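J.: Following this message is one structure expressed as structure tokens.
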Amino acid sequence: MSLSGKTAVITGSNSGIGLGIAHELAKVGANVVINSFSDTDEDHALAKAIADEHGVECRYIQADMSDGDQCRALIEKAGSCDVLINNAGIQHVEPIDKFPAATWDRIIAINMSSAYHTTAAALPVMRAAGWGRVVNIASAHGLTASPFKSAYVTAKHGVVGMTKVVALETAEEPITANAVCPGYVLTPLVEKQIPDTMKEYNMTRDEVVRNVLLERQPSKEFATVEQMGGTVAFLCSDAAAQITGTTISVDGGWTAL
Ligand code: NAD
Numbered sequence: 001m002s003l004s005g006k007t008a009v010i011t012g013s014n015s016g017i018g019l020g021i022a023h024e025l026a027k028v029g030a031n032v033v034i035n036s037f038s039d040t041d042e043d044h045a046l047a048k049a050i051a052d053e054h055g056v057e058c059r060y061i062q063a064d065m066s067d068g069d070q071c072r073a074l075i076e077k078a079g080s081c082d083v084l085i086n087n088a089g090i091q092h093v094e095p096i097d098k099f100p101a102a103t104w105d106r107i108i109a110i111n112m113s114s115a116y117h118t119t120a121a122a123l124p125v126m127r128a129a130g131w132g133r134v135v136n137i138a139s140a141h142g143l144t145a146s147p148f149k150s151a152y153v154t155a156k157h158g159v160v161g162m163t164k165v166v167a168l169e170t171a172e173e174p175i176t177a178n179a180v181c182p183g184y185v186l187t188p189l190v191e192k193q194i195p196d197t198m199k200e201y202n203m204t205r206d207e208v209v210r211n212v213l214l215e216r217q218p219s220k221e222f223a224t225v226e227q228m229g230g231t232v233a234f235l236c237s238d239a240a241a242q243i244t245g246t247t248i249s250v251d252g253g254w255t256a257l
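Using our numbering, the first residue of the sequence shown is number 1, and each one after it goes up by one.
Here it is in structure tokens:
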């Protein structure tokens, strides 16, 4: 499989799953645009490292995915966008009656509405190119719920719904839209939750990983960013041309429970 000559734009990709996807798509020949809200030397160095390692073009474009205009500007600045990966996401864990309203709005904006803005901007570009792939990084929390994650679960269910609508609106075109639903992947987003949980439950790191984080992941193993990238690459392949409007769980059996 080759994505040579195609451009992939990946939101929220200076870290974790997004960065892993950038590497896997570059490995199969795609030119890559990586993104976050920051604009540091490290961000641009990440792009250079991907270009050098895989022999593709890679640019870092700063855009804040909490702002609809900046989401649309990201696609415009990318110039071309054959593959759109909506990946940017944040988390906040608190009971719904204590959940800060501003945090709710921010999670809905970054985790859900950004995908609306980027998709709206990218579809005309894909149509002009005659081919396109939209892959939304949802979550096991796009299909199931957990307490204290109201905004995140709402946003991720919303993304799964939006994926189906985009698939139907592009069904007769050479464009597909799908969502990948990861279980727990050991990234900075998850790593941040470990020290507090160790304190809260008076547990060792291993106990937190096995008994709290991976409690609902029957494999008792984290999924990896490489596996996320490989799944996205498959969805971009010809073999996946008739896969549209669906979800692929990469969750060690979580949603089989
Ligand atoms: P991460 O914190 O490592 O990465 C999140 C990325 O989003 C970072 O690059 C960050 O800079 C970017 N980002 C945050 N706010 C942004 C903004 N306003 N504008 C632009 N970029 C922004 O986390 P991750 O675990 O790699 O998460 C990536 C995606 O995968 C998220 O949508 C997350 O919900 C989803 N996910 C993660 C897991 C997991 O276990 N790690 C499980 C299911 C789903």
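Glycine included, C-beta positions come from ideal geometry on N, C-alpha and C. These numbers were taken from a predicted model, which means no experiment stands behind them.
Figure out for me which residue from 218, 147, 213, 36 has the closest Cα to the Cα of residue 85.
T.: The option with the nearest alpha carbon to residue 85 is 36.
J.: Only counting the same chain, and skipping five residues up and downstream in sequence, which positions put a Cβ closer than 8 Å to that of residue 102?
T.: Excluding residues within five positions, none has a Cβ falling inside 8 Å.
J.: DSSP puts residue 85 in a beta bridge; with which residues?
T.: Answer is 10, 135.
J.: If we ignore side chains and look at the alpha-carbon of each, how far apart do residue 175 and residue 165 end up?
T.: Rounded to the nearest angstrom, the two C-alpha atoms are 13 Å apart.
J.: Mind checking whether the beta-carbon of residue 11 lies closer than 6 Å to any heavy atom of the ligand NAP?
T.: As for the ligand NAP, it is missing from this structure, which binds only the ligand NAD.
J.: Report yes or no: do the stretch 88 to 99 and the stretch 109 to 118 share at least 3 C-beta pairs separated by less than 8 Å?
T.: Output reads yes: the stretch 109 to 118 touches the stretch 88 to 99.
J.: In the DSSP assignment, what residue or residues form a beta bridge with residue 33?
T.: Looking at the DSSP assignment, residue 33 forms a beta bridge with 9, 59.
J.: According to the Cβ coordinates, are residue 62 and residue 97 closer than 7 Å?
T.: No; because the gap between Cβ atoms is not below 7 Å, this pair is not in contact.
J.: Can you give, in chain order, each stretch of the alpha helix (DSSP H) that sits fully within the stretch 147 to 219 and has at least 4 residues?
T.: List check, alpha helix (DSSP H) in window: 150 to 169, 188 to 191, 193 to 201.
J.: Under 6 Å from any heavy atom of the ligand NAD, does the C-beta of residue 185 make it?
T.: Yes, the ligand NAD has a heavy atom inside 6 Å of this Cβ.
J.: Return helix, strand or coil for residue 223, following the three-state DSSP convention.
T.: In the structure shown, residue 223 sits in a strand (DSSP, three-state: E or B).
J.: Let me confirm a value: residue 201 is counted as buried when at least 16 other C-beta atoms fall within 10 Å, else exposed. Which label applies?
T.: Answer is exposed; the Cβ neighbour count stays below 16.
J.: Output the distance between the C-alpha atoms of residue 129 and residue 180, rounded to the nearest integer angstrom.
T.: Their Cα atoms are separated by approximately 24 Å.
J.: So, at 6 Å on beta carbons, what are the nonlocal neighbours of residue 145 in its own chain, with the 5 sequence-adjacent residues on each side left out?
T.: These residues qualify, in order along the chain: 153.
J.: Please report the straight-line C-alpha distance between residue 105 and residue 64, rounded to a whole angstrom.
T.: One C-alpha to the other measures close to 14 Å.
J.: Contact check, residue 228 vs residue 21 under 8 Å by CB: the rounded distance?
T.: Indeed they touch by this definition, with Cβ atoms about 6 Å apart.
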